[in-house]
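For reference, each letter of the sequence shown is one residue, going -26 to -1, 1 to 675 in mature numbering (1 follows the signal peptide of the UniProt record, and there is no 0). Heads up, the beta-carbon is just placed ideally off N, CA and C, and yes, glycines get one too.
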Amino acid sequence: MNKTRRAVAAALGVLGALSMATTAQASAQRPTGCQLDNGIKHVISIQFDNVHFTRDNPNVPSDLEQMPNLLGFLEHNGTLLSNDHDVLSHTATNFTSNQTGLYPDRTSVTQSNSFSYYDAAGKTHTGVSFAYWTDPLYDPSGSPADTRYNMAYSADRSQNPISANVNTPAPWTTFTRAGCNVGEVGMSNTVLENIATDIPTVFGSDSPQQAEAKANPAKATADFVGYAVHCARTSAVCGNGQSDVLPDEPGGYSGYKALFGNAEVAPELGSGPATNLDGQIIADSKGNPGFPGFDAQTATNSLGYAALLQEHGVPITNVYLSDVHGDHTAANTGDLGPGEALYSQQLHDYDRSFGQFLARLAKDGITPANTLFSVTTDEGDHFSGSAPTPANCTGAAGNTCSYTTRSEVNVNLPGLLATQAGNTTPFAIHSDPAPAVWVQGNPQAGSPTALSLERDVTKLSVTNPLTGGTDKVAYQIADQVEEKILHFVGPDAARTPTFTAFSGEDDYIGGGAPNCQKPCVYTSSGYAWNHGGLWPDMATIWLGLAGPGVAHRGVDRTTWADQTDNRPTILALTGLSDRYQDDGRVLVEDLKPGNLPWSLRFNQDTVRQLGDAYKQLLAANGQFARNTLTASTKAISGDPTAYPAAAKRLADLGDQRDKLTNRIGAVLMDAAFHGRPVDRQGCQLLDQAHDLLNQAARLAA
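Right, dumping it as structure tokens:
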């Protein structure tokens, strides 16, 4: 997750609840009202933090290759898509897009894991992406200048930004309305993320939970953060829980309850403290049973808790797993390089946990015959460091790798601007290989202040201390016009950055003094995995599906997908549908036709072609966005007098894209969920999509 870990969001604490001592006796109870299609009785969705299918060093097996219990399970029982993609931004954005099927411009999680926003006077303030679903904007200062929902919603991106303050539809309601309890194991924003704003939102500012948070923050974190169960209306599991308040849920949502944290969940699921797959009590660093911290959600902890949920009447579980490339020992030496002994050992531990988990589920009668498994990662990463020693190391015993330097290339952007361009314009920055910048005063796109700073950024370069080569600070750049195409402009105008730059693979662009009295370019220690940019190893991820209705294709290297597609694919197999229009599509290429609705099987060649064109138009990593970003960079770095016409052309193309993809998305969703097959209108839309893609390509040429 890198420097802006979820720990920045709040006082941390992790997973607690339920005794594994009852495992042998526990049955995989399913609420009698939980009605799903295709013989599916359970859904288990697992999202890793930064775990890779492809190799980071050609001689060292990849993360998944070193977890054969998981990789073999997915390949033999379903399909692993290796041409999946993230939605450009960081962890919180990736997770929420995967959960909701929405791009970030419809959920407001457009920058993460932190962001800046403007007040009415144009002054910047800090916001945090990780907060409970219904929280107002989470400003860690405690005095927010913006009181809209942290996850404000837009039903139509073409209208963004908007004045209405509507909460994003919650992803669990589709399942709870079908009579299914939904468990959340550290999954972003569906659980309490902090004790600062989340406890007042869920329990109330005068509640006993709030009193505990003030008196003993560590215990309150262990008690209330990190776990949740959102219950079906008739379920007894949440009988002693809190009202599951979702005031803006489409169609209304009343009479539902939820459990939040170890203190509420544990009594419903067994006696005694929760133990992980290795039989150890899950506790925080102070010994408080319960949530150990988001960075401590190792496979044994998270999967152990997921198994307990499945065994106690919670058939839908969404599970977060911490990264494997950080040092999870008490020494905490920072990020590890491919093939290092500890990295390989931690991967072995994760693999062993997956073996335990799958065997335990099978003993409970939870198998691919009746369970839909979805496993993915939030984003890809690039390892930044020196060459390994020895050069031919493989990570195997007796041939492990070591690195003199394990570090991103840290860059002080204000210092470079002052020394290389003489520009000292003040701004706030979200540090990243794709840094977002909010210029003080909130200048509009194309204004002299904004355009001058953007042009200066495109001229900056640094000497990469890892490679000795020259890196540009901005190989590509997007101002607010292009940011709208990239899904960085959400419902709340106050959160839109002035511009976003895309730097080198090793480079981590941040703030600092407006001088280089201390080096403006340097390596350090601790953080060596760079992500959030456009480079292939950052943007390309993977998705594994197994269970009823999933084709047994092994590894699918051709189907182009991104994180918004997982949601509608799961819903199509379970026979459910959202009460909003998802941005993704059903991945029909990797599903058995006989398990799909007849309307989605009809005219399937057109369905596939239209779906592919739709993704290339709408996806943040699609061809349309890539070409318009190239055009944006040319417009910003070129002749200033030509900028207005170029910006108007980009804005017009973006508006056409939004309106056309709204229509295509509706046609695809109708075929998947509403019994209306794609007809000749689909062919017309396909022609229009190709024409728009060609226009963007010509603009980039």
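Specify the secondary structure class of Val428 as computed by DSSP and reduced to three states.
According to the sequence displayed, residue 428 carries Glu and not Val. Here Glu428 sits in helix by DSSP.
Could you tell me how far apart the beta carbons of Tyr324 and Met161 are, in whole angstroms, since I believe they sit closer than 8 Å?
No, Tyr324 and Met161 are not in contact; Cβ-Cβ is about 18 Å, not under 8 Å.
With C-beta atoms as the reference, is Val211 less than 8 Å away from Val203?
In this structure, Val203 lies closer than 8 Å to Val211 by Cβ.
Does DSSP put Thr147 in a helix, in a strand, or in coil?
Thr147 falls in the helix class under three-state DSSP.
For Asn540 versus Thr350, is the C-beta spacing smaller than 8 Å?
Against a cut-off of 8 Å, the Cβ pair of Thr350 and Asn540 comes out as a contact.
Are Thr602 and Ile459 close, meaning C-beta to C-beta below 8 Å?
Yes; because the gap between Cβ atoms is below 8 Å, this pair is in contact.
List the DSSP bridge partners of Pro110.
DSSP lists Tyr123 as partners of Pro110.
Please list the terminal residues of the continuous beta strand (DSSP E) segment that includes Asn384.
Run containing Asn384: Val383 to Asn386, per the beta strand (DSSP E) assignment.
At 3 residues or longer, and completely inside the segment 384 to 463: list those beta strand (DSSP E) runs for me, N to C.
Fully enclosed beta strand (DSSP E) runs of 3 or longer: 401 to 404, 410 to 413, 435 to 437, 444 to 446 and 450 to 453.
Is it buried or exposed, Asp180, if we count other Cβ atoms within 10 angstroms and call 16 or more buried?
It is exposed - the Cβ of Asp180 has fewer than 16 other Cβ atoms within 10 Å.
Do the CB positions of Val447 and Ile483 come within less than 8 Å of each other?
In contact: Val447 and Ile483 (Cβ atoms closer than 8 Å).
For Leu54, which of helix, strand or coil comes out of DSSP?
It is a strand residue.
Determine the DSSP secondary structure at Gly(-14), reduced to helix, strand or coil.
Low confidence applies to Gly(-14): its pLDDT is 28, below 50, so where it sits in the model is not reliable enough to give any reading.
For Cys367, tell me which candidate among Leu574, Asn31 and Asn577 has the shortest Cα-Cα distance.
Here the closest residue by C-alpha is Asn31.
Work out the CA separation of Ala66 and Gln21 for me, nearest whole Å.
Whole-angstrom Cα-Cα distance: 12 Å.
Which residues mark the beginning and the end of the beta strand (DSSP E) in which Trp516 is found?
Per DSSP, Trp516 belongs to the beta strand (DSSP E) from Thr514 to Ala520.
Measure the alpha-carbon distance for Ala487 versus Pro118 and round it to whole angstroms.
Straight-line Cα distance between these residues: approximately 26 Å.
Does Gly7 pass the burial test, meaning 16 or more other C-beta atoms within 10 Å, or should it be called exposed?
Result: exposed.
So the candidates are Cys205, Ala206, Pro182 and Ser209; which of them puts its Cα closest to the Cα of Asp197?
Answer by Cα proximity: Pro182.
Considering only their Cβ atoms, is the gap separating Tyr230 from Leu166 smaller than 8 Å?
No, these two residues do not count as a Cβ contact at 8 Å.
Give the range of the alpha helix (DSSP H) segment to which Gln184 is assigned.
Run containing Gln184: Pro182 to Ala189, per the alpha helix (DSSP H) assignment.
Which one or two residues does DSSP pair with Gly313 in a beta bridge?
Gly313 is not bridged to any residue.
Along the chain, where does the alpha helix (DSSP H) containing Asp158 start, and where does it finish?
Correcting the residue type first, residue 158 is Glu in the shown sequence and not Asp. First-last for Glu158: Val156 to Val159, but that is the beta strand (DSSP E), not the alpha helix (DSSP H).
Residues bridged to His59 by DSSP?
His59 pairs with Thr514.
How would you label Asp530, buried or exposed, when you count the other beta carbons within 10 angstroms and need 16 or more for buried?
So Asp530 counts as buried.
Could you round the C-beta distance between Leu282 and Ala248 to whole angstroms and report it? I think they count as a contact, below 8 Å.
Yes, they are in contact, since the Cβ atoms of Leu282 and Ala248 sit about 7 Å apart, within 8 Å.
At the level of alpha carbons, what is the spacing between Gln279 and Thr108?
Residue identity differs from the one stated: residue 279 is Tyr in this sequence, not Gln. Roughly 25 Å separates the two Cα atoms.
Return the Cβ separation of Ala475 and Ala408 in integer angstroms, given the expectation that the two are a contact with Cβ distance under 8 Å.
Sure, about 7 Å apart at Cβ, within 8 Å.
Taking 8 Å as the cut-off, decide whether the C-beta atoms of Asp556 and Gly225 are in contact.
The answer is no: Cβ separation not under 8 Å.
So what does Tyr279 bridge to, in DSSP terms?
Tyr279 is not bridged to any residue.
Is it buried or exposed for Trp572, if we count other Cβ within 10 angstroms and need 16 for buried?
Under this definition Trp572 is an exposed residue.
Sort out for me which residues DSSP pairs Lys97 with in a bridge.
Note: Lys97 sits in no beta bridge, so no partner.
To the nearest angstrom, report how far apart Arg559 and Trp534 are at their CA atoms.
Taking the straight line from one Cα to the other gives about 11 Å.
If you draw a straight line from the C-alpha of Gln630 to the C-alpha of Ala670, how long is it?
Taking the straight line joining both Cα atoms gives about 11 Å.
Let me check understanding here. Comparing Cα to Cα, which of Gly549, His664, Ala192 and Asp58 lies closest to Asn12?
Of Gly549, His664, Ala192 and Asp58, the residue nearest in Cα terms is Gly549.
Measure the C-alpha to C-alpha separation of Thr345 and His526 and round it to an integer number of angstroms.
One C-alpha to the other measures close to 15 Å.
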